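When we follow our numbering, the leftmost residue of the sequence shown carries the number 969, and every step to the right adds one.
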Amino acid sequence: MLRKSHSAVAVHITALRVPAVVRNGSQTGALLDCEYALGASEQRRLASEMGLVVKWFLVGSGPAPVYQWIPGQRPQDFGALRGRVDLAFKVTGSDERGAHRALRITTPTTDLSGEYKCSVSTFEDEDFMVKKMLVFGELNF
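Rendered as structure tokens:
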């Protein structure tokens, strides 16, 4: 797991949950969760006032995110994950500042193997973490 943090006062990723191994075509999907905490100054502000943005990247698939969520807006899927994410999925028990922090890939396939980077940013700060996920298929001899 790779971790990089800038001035860790406004936002801090506390846990990155990415399954290490997932079966190709799994009907249960793959859940990738990026849990974060906001600093004391950010806790008092509305999500729109602090510029909170959650982005997921599939490292190696280009510089653009494959998922993005800005509180108050609908989550968006892009690139390799376009049409492959349950955009209605919400994290149970999370407030409006973390409802769509996780992404659920509905039917993972081998082309989605790789390093997933979660980036959480505000107007004042940014933090990110990276973890690998392997989607494996059956060997046919």
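Think of the CB as a built atom: it goes at the ideal place given N, C-alpha and C, for glycine as much as any other residue.
If you're wondering where the values come from, they're calculated on a predicted model, not measured in any experiment.
1) Can you list, in chain order, the stretches of the beta strand (DSSP E) that have 3 or more residues and sit fully within the region 1019-1054?
2) What separation, rounded to the nearest whole angstrom, lies between the Cα atoms of GLY1047 and TRP1037?
3) On the DSSP bridge list, what partners appear for ASP1001?
4) Looking only at its own chain, which residues have a Cβ that is under 6 angstroms from the Cβ of LEU1080, when we skip the five neighbours before and after it?
5) What does the alpha-carbon distance come out to for the pair LEU1049 and LEU1020?
6) Please state the DSSP three-state secondary structure of GLU1064.
Short version:
1) Inside the region 1019-1054, DSSP marks whole beta strand (DSSP E) runs of 3 or more residues at positions 1021-1026, 1035-1037, from first to last along the chain.
2) Cα to Cα, GLY1047 sits roughly 15 angstroms from TRP1037.
3) Beta-bridge pairing by DSSP links ASP1001 to ARG985.
4) If we look at LEU1080 and ignore the five residues flanking it on each side, its Cβ neighbours are VAL1103.
5) The straight-line gap from Cα to Cα measures roughly 22 angstroms.
6) Residue state, collapsed to three classes: coil.
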